[in-house]
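Input: a single structure, listed below in structure tokens.
Number of protein chains: 2
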Amino acid sequence: MRPEVNGERLLRRLSDFAEIGKTKAGGVNRQALSSEDRAARRLLADLVTARGFNVFQDAIANLFVRREGRDATRPAMLIGSHLDSQPTGGRFDGALGTLAAFEVLEALEDADHETASAIEVVAWTNEEGSRFAPGVMGSMAFVGAAHPDDFRSVVSGDGESFGQELAATLAALPEATMRPLGTPISAYLELHIEQGPSLEREGLAAGVVTAVQGTRWLAVTFSGSAGHAGTTSLAYRRDPMVAATSALNRLQMSIMPQDDDARLTVGRFSTHPGSINAIPDHVTFTVDIRHPDALSLAAIEARIRAVCEEAALSQRCSVEISTSFDMPPGSFSKVMTDRIETAARALALPYKHMISGAFHDALFVSRVAPTAMIFVPCRDGVSHNETEYVEPAHAINGARLLLAATLESVCSLLVIV
Amino acid sequence: MRPEVNGERLLRRLSDFAEIGKTKAGGVNRQALSSEDRAARRLLADLVTARGFNVFQDAIANLFVRREGRDATRPAMLIGSHLDSQPTGGRFDGALGTLAAFEVLEALEDADHETASAIEVVAWTNEEGSRFAPGVMGSMAFVGAAHPDDFRSVVSGDGESFGQELAATLAALPEATMRPLGTPISAYLELHIEQGPSLEREGLAAGVVTAVQGTRWLAVTFSGSAGHAGTTSLAYRRDPMVAATSALNRLQMSIMPQDDDARLTVGRFSTHPGSINAIPDHVTFTVDIRHPDALSLAAIEARIRAVCEEAALSQRCSVEISTSFDMPPGSFSKVMTDRIETAARALALPYKHMISGAFHDALFVSRVAPTAMIFVPCRDGVSHNETEYVEPAHAINGARLLLAATLESVCSLLVIV
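Going down the list, the sequences are from chains A and B. Residue 410 in the numbering used here sits at position 410 of the first sequence, with consecutive numbering throughout. Each number in the numbering used here corresponds to the 1-based position in the second sequence with 1000 added.
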């Protein structure tokens, strides 16, 4: 019997988990290590027990569900995502990838399908970083890029400490066997919603994610001279607003139009003193730049600095630019993306190669094992929003593709029953 | 004996008044109808009594100091400014014009100089508008553009009502005879600091102010579509930030460079939701436009609207523009500016014609009598600031020019004593 995704079951699981931390507007508030996060872990653990799988957790409360394979000495193949959400998050970001991975285990179990090695589902701790910064703590600790102790003193906006909430979360799942951080794996696959509109608009079922963009955040402050809006003529102005808009206009009209892979976003902008009838003395804004290529990312930053310096000079202003965040780009494994492609073709699902603009746990996991991601369309590209929505067919096809790619990745043994 | 300004006395008066509401940083906080404002009125009234002048006030607490002339039936010539300040205001804005006008009366008295008509010094109520909005209430009520009752219900940020504070201020000066609002005057002259840098930089002693610019405030909101900074490619962006900076850059590179009389200032700018890694859904900013010509002001607004519409369209965004304030320009009397010029030439003070970019009480007074203003340089053009500073020589020359222009304006009779 060939393992098949049970779409109805997957949708029911998505609904059941969406009840945990459900918000009035139809989203979820299930932030990392909160009571809602613990309730979601509890529900998963109960499902695991019912199916006879084994459950493990590590020192940062990454949760693992293991279905044994033929050879227990071989490293497990890992699939999954995360169960925590933004404070006004959607029902699919993270949950879809975790529950589709669990559906893979259930489908294999339903079909009595034996795999060469164990397959494990992971729910990474604190992907979002909204309650305890930074995000992707679980995968960072898993690959050794950080240690849980590094985060113990982090305090949330509601005054709770990461260390205490971590201990409480671990204690709430006594049936999960503790295991060391970074238990070896053979490969990692993560299914996730796109969080952008391209798959939906292009009518595709899936994105084969080949890389994750690098991200750099800049804080830019132009300084000039405050002055009366009415009495200060052009010759006497040192207006940082004029310098900033001229620099931004040049950058916006060149960087993205000249390079399809580049992203340039100005999300915050403020003026000081912020009076209608006063030329500001300072203007401050943020720049979020992304690129899949590290050299290009550095070149964009250099260009931003040069254009800002030039614009400041032209308005007799000064400019200061600092880098507040710098995450280098990462490439996924060609072996793994090939397996996803093979699976997509076999299922006749239309797909394209794409680059992830958002971070994911997979970016860290790719440091220790062959890794790739599958994206499915989400409505209007909206995520981190209570209105986030995934068509049932897209969710189910995503799980089917994950199952097929997982089977491509573990040496499978079809057992005739 | 020829009347002469006593420079030492003027500087002493400026120092004495700067003690009232003095701030740590060397400025003053003497907001309209506050106890500090009342203390300043008290000091002026005491000086008046000591010199044997008469003091009057009207229903909005405009304060008048009268030195009689030969013919009491002729309307008085009015000179003066205001005594109230911004919360972190300077020592000269308003006070210089009021105290220089009082010095004119003292100089005439010292010289036993009889004038054809009475000369009165005025201290207008609430020029600044910082405690009770709007500003220039006193001159508005004087010319009949508003009635004190219109403002009674205005409440300050500290919860005081304008009506109560007005009554308390009037009651605090029982020796001032009440007179009707709008008692006729023959002309009005106001000395004021420039509040801009041009006189200082051009090495001039005075500005002969021929007009006050019109002012219009616009609130502009570009709306697009929020999106993930990393996952949304250019083709899918509807970024209101890009639309706003492109519109502003076009406007900033054309309106002021093409027209020396135009002013364009963007003092406030904000984004929503204001997240570093999100394309904003809304971007809002203010535009302060000024021009001495009403048609040009309207043309600038029309151009701003057209450029914003075009920029919005190019980014698949929308834009809404509302006018939040509209003060038409006003011209001063050629007769009065000629008199100031004649006086400046006689005193060999270098001057230029100029247009005021700020409002002043004189703008309203010009509706009922021939009016003009004299500007003197202030350091670095700074005002509405505790560091506001006027060189003693500039203050004294301003008073000398005011005295001479006042004498040009009233038919003077030199009395040999």
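The beta carbon of each residue, even a glycine, is placed where N, CA and C say it ideally should be. Treat the numbers as computed from the prediction; the structure is a model and nothing was measured.
The beta-bridge partner set that DSSP reports for A:Gly89 consists of A:Val28. Residues of chain B with a Cβ closer than 8 Å to the Cβ of A:Pro257 are, in chain order, Leu1234.
A:Leu264 has A:Ile289 as its beta-bridge partners, per DSSP.
Taken in chain order, the members of the stretch 1269–1282 of chain B whose beta-carbon sits within less than 7 Å of a beta-carbon on chain A are Phe1269, Ser1270, Thr1271, Gly1274, Ser1275, Ile1276, Asn1277, Ala1278, Ile1279, Pro1280. Closer than 8 Å to the CB of B:Leu1248 there is at least one CB belonging to chain A.
From the listed residues B:Ser1409, B:Gly1381, B:Gly1159, the smallest Cα separation to B:Gly1203 is found for B:Gly1381. Taking CB atoms only, B:Asp1288 has a neighbour in chain A less than 8 Å away. Secondary structure within the stretch 1136–1190 of chain B: the alpha helix (DSSP H) runs of 4 or more consecutive residues, fully enclosed, are 1137–1142, 1148–1151, 1162–1171 (chain order). If you draw a straight line from the Cα of B:Ile1396 to the Cα of B:Thr1210, it is about 22 Å long.
Within its own chain, the residues whose Cβ lies closer than 7 Å to the Cβ of A:His272, once the five positions on either side in sequence are excluded, are Pro280, Asp281, His282, listed in chain order. For B:Val1208, there are no neighbours in chain A by C-beta distance under 7 Å, as the nearest C-beta there is about 15 Å away. At a cut-off of 8 Å between beta-carbon atoms, B:Pro1197 makes contact with chain A.
When the five nearest sequence neighbours on each side are left out, the beta carbons in the same chain lying within less than 6 Å of the beta carbon of B:Gly1129 are those of Gly1135, in order along the chain. One Cα belongs to A:Met256, the other to A:Thr342, and the distance between them is close to 32 Å.
C-alpha of A:Ala243 to C-alpha of B:Glu1320: approximately 24 Å in a straight line. Short of 6 Å from the beta carbon of A:Gly330, and not among the five residues preceding or following it, lie these beta carbons of its own chain, in chain order: Val212, Leu363, Ser366. Per the DSSP secondary-structure output, A:His192 pairs in a beta bridge with A:Phe375.
At the C-beta level, A:Arg38 and A:Thr169 come within 8 Å of one another. Where A:Thr98 is concerned, the enclosing alpha helix (DSSP H) starts and stops at 95–110.
Contact annotation for A:Ala40 against chain B: no contact, minimum CB-CB distance about 24 Å [criterion: below 7 Å]. Only exposed fits A:Ser324, as fewer than 16 other CB atoms lie within 10 angstroms of its CB.
Around the CB of A:Gly26, fewer than 16 other CB atoms lie within 10 Å, so the residue is classed as exposed. Of the residues A:Glu8, A:Met1, A:Arg2, the one whose Cα lies closest to the Cα of A:Ala393 is A:Glu8. With respect to B:Leu1349, B:Val1104 sits apart: the two C-beta atoms are not nearer than 8 Å. Counted as a single uninterrupted DSSP element, the stretch harbouring A:Ala61 is not any alpha helix (DSSP H), since DSSP gives it neither H nor E.
The alpha-carbon of A:Ala405 is positioned some 10 Å away from that of A:Ile374. Nearest to B:Met1001 by alpha-carbon distance, out of B:Ala1045, B:Glu1036, B:His1113, is B:His1113. Between A:Ser383 and A:Asp93, the CB-CB gap stays under 8 Å.
Beta-carbon to beta-carbon, A:Ala247 and A:Cys308 are separated by about 5 Å, close enough to satisfy the 8 Å threshold.
The beta-bridge partner set that DSSP reports for A:Glu68 is empty. Membership of B:Thr1210 in the beta strand (DSSP E) is indicated by the continuous run 1206–1212. For the 8 Å CB-CB criterion, A:Met354 and A:Ser198 form a contact.
Taking a beta-carbon distance threshold of 8 Å, B:Gln1086 does not count as an interface residue toward chain A.
DSSP, reduced to helix, strand and coil, places A:Ala278 within a strand of the structure shown.
Within the stretch 381–412 of chain A, the residues whose Cβ lies closer than 9 Å to some Cβ of chain B are Gly381, Val382, Ser383, His384, Asn385, listed in chain order. In this structure, B:Phe1359 is the residue among B:Phe1359, B:Asn1277, B:Ala1146 with its C-alpha nearest to the C-alpha of B:Pro1292.
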